[in-house]
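The opening position of the sequence shown corresponds to residue 243 in our numbering, with each subsequent residue numbered one higher.
In this text, a Cβ means the ideal position worked out from N, Cα and C, and glycines have one as well.
Structure first, then comments.
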Amino acid sequence: MEYQITPLGSSLRPTLESLAGWMRTHGQTLAAGE
């Protein structure tokens, strides 16, 4: 089975990449509960 990203999914990519970058930077702080 093959999947394709819809145009809506493609439009969300920049936002999701930004969120992923923020999580890479701040994820440890959140996990520590600070």
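Residue i: CB within 7 Å of a non-hydrogen atom of the ligand GDP
i: Pro-256; result: Absent from the structure shown: the ligand GDP. Ligands present: none.
Three-way DSSP call (helix, strand, coil) for residue i in this model
i: Gln-246; result: coil
i: Gly-275; result: coil
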